[in-house]
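Chemist: 226 is the number of the first residue of the sequence shown in the numbering used here; add one for each residue after it.
Glycine included, each C-beta is placed from N, C-alpha and C at the ideal position.
The structure presented is a predicted model; accordingly, all values stated were derived computationally and were not measured.
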Amino acid sequence: MDLDHLPRHIAIIMDGNGRWAKRRGLPRTAGHKVGAEVFRTIATYCKDLGIDYLTVYAFSTENWKRPKDEVDTIMRLLKRYLLEAIDTMARDNIRLRFLGDLTELPQELQDLAARTNAISATLDGFQANICLNYGGRDEILRAARQFARECAAGERTPEQLDTALFERHLFSAGLPDPDLIIRPGGEKRVSNFLLWQCAYAEFIFTDTLWPDFKKEDLDAALLEYQHRQRRYGGI
Ligand code: IPE
Ligand code: IPE
Ligand code: MG
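Okay, structure coming up:
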C-alpha cells in the first residue's frame, strides 16, 4: 500500500450486523454491539493511517421500519458510544460530526451530539462523520427546499444555483466528496447513502459482514483503490 496515495475521505456502509448475529444463533442486536466495536477500531485505524475523513452510515431514514426493540438497541449503543467519545475525543484529537436529521432522535442523543459538536469545535484532527437518520434523497430535498425558500424571500435567484452553492445546503456542507465507498455485507447497492456526493467515488463491495471487518479488510480495500484509475470523465 502506498501511504502517500491514500483516499482523503472514506465512507462505509456498515452492513451485515443482523446476519452476522443470526448465523451465530444470537439476536440481531448482538450484531449491532459488535458492529459498534468494529467502528471504533476502524475509525482509529483510519486516523492512524492519516485519512482526513471517515463517514459511516449508522442509521438510515428507512431503518425506522425495523422492530422497536432493534431501533431502541441501536439508539442505546449510539448513546454509549457518544458518552465514551465525550471522554476520549479531545485526548485522541478525533472530531465527530453528524449528518442527518437529528431532531427525530431521542432528546438524550441530541444533547450528547451537541456536546460532542462543542468538543469537536476545539479540535483540528481526523473527523468521523456519523450518518444518523440520514437519507440521500432527504438530504437533497431539504437542500432544494431551503434554496427555494431563499429564492421566495428574494435572497437568491434560480440562475445563481450551481454545484458549489447547492452543496452548501447539504448536510455534508464543507466536506470533500468521498473518494472511496466501501460496502461490507454482500449487498451491491447504495441504499440511499450519499447520493449526491458519490458522483465520482470508487465503490468496493465485499462479502465480509461488518462485525467481521478487520483492519486487514480496510488494507485490502485501500490497495484495490490504489489500482483504480480515476478519470472523472476525462481520458
Ligand atoms: C447494518 O446492519 C446496521 C444498520 C442498518 C443499523 P443490518 O442490521 O442491516 O444487518 P443485516 O443487513 O440485516 O445483516
Ligand atoms: C444501509 O443498510 C443502512 C445502514 C447501514 C445504516 P440497510 O441494511 O438498511 O440497507 P438495505 O435494506 O439492505 O438496502
Ligand atoms: Mg442490512
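Going along the chain, which unbroken runs of the beta strand (DSSP E) with 3 or more residues stay wholly within the segment 259 to 344?
Modeler: The segment 259 to 344 contains these whole beta strand (DSSP E) runs: 278 to 285 and 320 to 324.
Chemist: Looking at Asp227 and ligand 3, is the gap between the Cβ and the nearest heavy atom below 7 Å?
Modeler: Not so, every heavy atom of ligand 3 lies at least 7 Å from the Cβ.
Chemist: Closer than 6 Å by C-beta to Lys272: which residues in its own chain qualify, once you throw out the five before and the five after it? Chain order, please.
Modeler: Phe351.
Chemist: In terms of residue numbering, what span does the alpha helix (DSSP H) encompassing Leu231 cover?
Modeler: Unbroken run through Leu231: none, as it is neither H nor E.
Chemist: Determine whether the beta carbon atoms of Gly458 and Phe418 lie at a separation below 8 Å.
Modeler: Against a cut-off of 8 Å, the Cβ pair of Phe418 and Gly458 comes out as no contact.
Chemist: Return the first residue and the last residue of the beta strand (DSSP E) that Ile406 is part of.
Modeler: It spans Leu405 to Arg408 - the beta strand (DSSP E) in which Ile406 sits, taken as one unbroken run.
Chemist: Taking Cβ positions, are Glu384 and Asp404 nearer each other than 8 Å?
Modeler: For Glu384 and Asp404, no; Cβs fall outside 8 Å.
Chemist: Mapping DSSP to helix, strand and coil, what is Leu357?
Modeler: In the structure shown, Leu357 sits in a strand (DSSP, three-state: E or B).
Chemist: Run the proximity test for Gly410: is its beta-carbon closer than 7 Å to any non-hydrogen atom belonging to ligand 3?
Modeler: Yes, the beta carbon of Gly410 sits closer than 7 Å to at least one heavy atom of ligand 3.
Chemist: What does the alpha-carbon distance come out to for the pair Asn288 and Arg305?
Modeler: Looking at the two C-alpha atoms, the distance is approximately 19 Å.
Chemist: Grab me the residues of Gly256's own chain with a C-beta within less than 7 Å of its C-beta, minus the 5 sequence neighbours each way, in chain order.
Modeler: Excluding residues within five positions, the ones whose Cβ falls inside 7 Å are Asn242, Gly243, Trp245, Ala246 and Pro436.
Chemist: Would you say Gly243 touches ligand 3, meaning its beta carbon is less than 7 Å from a heavy atom?
Modeler: Yes, ligand 3 has a heavy atom inside 7 Å of this Cβ.
Chemist: For the beta strand (DSSP E) that Phe428 lies in, which residues bound it at each end?
Modeler: Glu427 to Phe430 is the extent of the beta strand (DSSP E) around Phe428.
Chemist: Have a look at Tyr359 and Asp277 and give me their C-alpha separation to the nearest angstrom.
Modeler: Their backbone Cα atoms lie some 21 Å apart in a straight line.
Chemist: Which residues in the same chain have their Cβ closer than 7 Å to the Cβ of Gly260, if we skip the five residues on either side of it in sequence?
Modeler: Excluding sequence neighbours, Gly260 sits near Met239, Asn242, Trp435 and Pro436.
Chemist: Assuming Leu447 contacts Leu231 under a Cβ cut-off of 8 Å, what Cβ separation, rounded to an integer in Å, is found between them?
Modeler: Yes, they are in contact, since the Cβ atoms of Leu447 and Leu231 sit about 6 Å apart, within 8 Å.
Chemist: Since I believe Asn354 is in contact with Leu400 (beta carbons under 8 Å), could you give me their beta-carbon distance rounded to a whole number of angstroms?
Modeler: 7 Å between Cβ atoms; contact.
Chemist: Look up Ile237 in the DSSP assignment and give the residues it is bridged to.
Modeler: According to DSSP, Ile237 bridges with Val281 and Ile407.
Chemist: Between which two residues does the alpha helix (DSSP H) harbouring Thr388 extend?
Modeler: From DSSP, the alpha helix (DSSP H) with Thr388 extends over Thr388 to Glu392.
Chemist: Look at the alpha carbon of Glu477 and the alpha carbon of Tyr270, and state the distance between them as a whole number of angstroms.
Modeler: Missing from the structure shown is residue 477; the chain here goes from 226 to 460 and no further.
Chemist: Once you ignore the five residues that flank Tyr416 on each side, which residues in its own chain have a CB closer than 7 Å to its CB?
Modeler: Before going on, a small fix: residue 416 reads as Ser here, not Tyr. Cβ neighbours of Ser416 beyond the five flanking positions: Ile238 and Ser285.
Chemist: Given this structure, state the Cα-to-Cα distance separating Glu449 from Tyr282, to the nearest angstrom.
Modeler: Going from the Cα of Glu449 to the Cα of Tyr282 covers about 21 Å.
Chemist: Within a Cβ cutoff of 8 Å, which residues of the same chain sit near Asp227, ignoring the five residues on either side of it in sequence?
Modeler: So the list reads Gln451, once near-sequence residues are dropped.
Chemist: Helix or strand or just coil, what does DSSP make of Gln451?
Modeler: Helix, per DSSP.
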